[in-house]
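Only one structure is covered here, and it is reproduced in the block below.
Residue numbers (full-length UniProt numbering): 1 to 457.
Put into structure tokens, the structure is as follows:
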């Protein structure tokens with residue numbers, strides 16, 4: 001894997017949907033770089049520090065959220081002289097997003113007073129009163145024709161279906177939730193999933209015309225749903241819960257066909273490969289070194305003589321778990337990190353009470369495929385959008401990769417670079433690695449499958 005040099009960044013970043021450009025915020029400046037060379041192709045100056053970046057789906061426009069101001073600025077890559085500024089005045093701006101046609105921007109005001117659809121073509125605007133959430137509660141169909149917007153009035157939750165062509169309301173239906181958490185269209189646009197707040201375990205599947213297709217409730221007492229995700233093929237719906245279980249529903253009967261537990265002790269029989277990150281001391285005694293290198297290595301002995309690798313473990317094993325305090329809200333427990341592979345064959349999960357362990361499940365065989373035991377809590381895990389390859393980071397100077405053929409630890413060859421976040425571009429050719437104040441990009445090799453497990457650095 002090849003790495004670039006480090007470049008400055010101060011927070012938000014985004015790959016363009018066409019995989020050609022990388023946008024990075026540097027204080028009040030928006031820097032647009034070419035993905036292949038990382039050369040600067042455009043530089044825009046905003047009126048305040050940038051807190052959020054989002055590309056338009058056609059990759060021609062990009063918006064910047066200046067939430068401290070608060071306002072939105074939008075820019076055009078093809079027409080650098082074109083500018084757009086959206087200011088809601090006293091209502092403020094809590095969040096902004098593009099519409100699927102790349103010619104409208106949807107903003108949500110502070111305190112969820114209204115959601116506004118702004119046209120970049122004729123400067124017209126349309127209001128939807130009382131949106132349920134700021135950054136959540138809005139979902140578009142994959143074909144870009146319709147939007148589902150959650151609202152709340154008279155102490156009841158509703159879903160508004162809008163046409164993304166005329167922005168007229170096509171239908172409104174009430175949903176059976178106490179406090180709606182979020183909404184999500186399936187990838188084939190055939191169903192809408194809605195789930196309740198953690199205080200009430202409830203997952204509801206609706207048809208686009210408002211018919212309730214299914215209602216799922218795993219249990220009644222205790223905290224409920226923590227994460228929900230459709231598979232890319234739309235055949236499976238994964239639900240992560242506070243009871244530390246992952247449940248997968250099928251799209252034909254909407255019944256659970258798989259339940260995956262995340263225990264702190266793994267016992268046999270278990271066919272999964274278990275990889276544990278370990279430090280390995282290098283033996284430098286047999287090397288013939290010059291005086292200058294010896295002096296340098298003695299000053300950096302803690303880093304120079306240690307490499308990180310994976311050891312393959314056998315069951316039974318005990319995983320490092322932590323019990324959340326009972327007197328504090330939002331306990332660190334349950335399945336919060338959950339991500340499908342692009343082919344829908346694998347799903348990875350993290351149980352927040354065992355934060356250093358990543359679980360990888362094989363949906364085709366309904367079994368555990370691998371367990372990755374890290375030294376530090378897992379921050380982010382992301383699948384290659386083109387093949388079953390998973391990359392994760394833990395805030396260390398390494399990234400960690402899993403494929404069906406094995407797991408690998410990869411050192412980032414930059415001084416004092418700790419990977420706290422990562423993201424693939426849409427064609428899988430570039431991997432963005434983020435440090436606290438800088439970033440670099442990595443070019444992964446083309447995946448070649450093998451039946452042998454490897455743990456080389």
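We put the CB at the ideal spot given by N, CA and C, even for glycine.
Note down the Cα distance separating residue i from residue j, rounded to an integer number of angstroms.
i, j, result
"residue 9", "residue 317", "41 Å"
"residue 3", "residue 407", "19 Å"
"residue 70", "residue 42", "24 Å"
"residue 112", "residue 374", "40 Å"
"residue 270", "residue 365", "13 Å"
"residue 238", "residue 74", "35 Å"
"residue 186", "residue 194", "11 Å"
"residue 5", "residue 18", "23 Å"
"residue 145", "residue 189", "10 Å"
"residue 79", "residue 30", "15 Å"
"residue 442", "residue 209", "45 Å"
"residue 88", "residue 109", "7 Å"
"residue 23", "residue 118", "23 Å"
"residue 176", "residue 220", "15 Å"
"residue 424", "residue 55", "15 Å"
"residue 178", "residue 155", "9 Å"
"residue 438", "residue 7", "5 Å"
"residue 435", "residue 64", "21 Å"
"residue 401", "residue 68", "37 Å"
"residue 345", "residue 259", "16 Å"
Can you check which of these residues, the options, is closest to residue i by C-alpha distance?
i, options, result
"residue 462", "443, 111, 404 and 327", "The structure shown does not extend to residue 462, since the chain is modelled only from 1 through 457, so no value can be given for it."
"residue 252", "262, 245, 310 and 235", "235"
"residue 387", "441, 97 and 342", "342"
"residue 369", "378, 359, 381 and 377", "359"
"residue 204", "144, 210, 331 and 216", "216"
"residue 100", "90, 148 and 348", "148"
"residue 224", "248, 212 and 198", "198"
"residue 191", "165, 139 and 170", "139"
"residue 200", "327, 415 and 226", "226"
"residue 157", "96, 431, 133 and 145", "133"
"residue 339", "84, 350 and 330", "350"
"residue 20", "11, 38 and 30", "38"
"residue 309", "153, 282, 277 and 246", "277"
"residue 46", "33, 108, 331 and 83", "83"
"residue 141", "163, 150, 152 and 124", "163"
"residue 272", "60, 362 and 7", "362"
"residue 446", "437, 435, 428 and 439", "428"
"residue 307", "380, 371, 329 and 413", "413"
"residue 59", "51, 76, 44 and 68", "76"
"residue 431", "416, 392, 396 and 417", "392"
"residue 337", "91, 345 and 379", "379"
"residue 207", "254, 124, 123 and 126", "254"
"residue 265", "282, 320, 233 and 214", "320"
"residue 232", "263, 48, 383 and 35", "383"
Could you pull the start and end residues of the beta strand (DSSP E) that residue i belongs to?
i, result
"residue 104", "104-108"
"residue 194", "192-196"
"residue 170", "169-174"
"residue 279", "273-281"
"residue 222", "That residue, residue 222, is in no beta strand (DSSP E); it is neither H nor E in DSSP."
"residue 164", "Neither: residue 164 is in no beta strand (DSSP E) and is coded neither H nor E."
"residue 461", "Outside the shown range of the chain (1 to 457) lies residue 461, about which nothing can therefore be said."
"residue 93", "Careful: residue 93 lies outside any beta strand (DSSP E) and carries neither H nor E."
"residue 307", "306-313"
"residue 240", "236-241"
"residue 372", "367-373"
"residue 215", "212-216"
"residue 181", "180-185"
"residue 460", "Since the first residue shown for the chain is 1 and the last is 457, residue 460 is missing from the structure and cannot be characterised."
"residue 205", "203-206"
"residue 199", "No beta strand (DSSP E) contains residue 199, which DSSP labels as neither H nor E."
Per DSSP, what are the beta-bridge partners of residue i in this structure?
i, result
"residue 331", "For residue 331, which the question treats as bridged, DSSP gives no partner whatsoever."
"residue 129", "114"
"residue 257", "Beta-bridge pairing links residue 257 to no other residue."
"residue 138", "149"
"residue 156", "153"
"residue 398", "411"
"residue 378", "BP columns for residue 378 are empty, so no partner."
"residue 227", "240"
"residue 362", "346 and 367"
"residue 339", "348"
"residue 247", "239 and 259"
"residue 443", "2"
"residue 8", "438"
"residue 406", "403"
"residue 14", "23"
With a cut-off of 8 Å, does the C-beta of residue i fall near any C-beta of chain D?
i, result
"residue 130", "Going by chain labels, chain D is absent from the structure shown, which holds only one protein chain."
(request) Could you pull out every unbroken beta strand (DSSP E) segment of at least 3 residues lying fully inside the stretch 26-83, listed in chain order? (result) With a minimum length of 3 residues, the continuous beta strand (DSSP E) runs that stay inside the stretch 26-83 are 29-34, 40-45, 52-55, 61-66 and 71-76.
(request) Taking only runs that begin and end inside the stretch 410-436, name each unbroken beta strand (DSSP E) of 3 or more residues, in chain order. (result) List check, beta strand (DSSP E) in window: 421-424 and 431-434.
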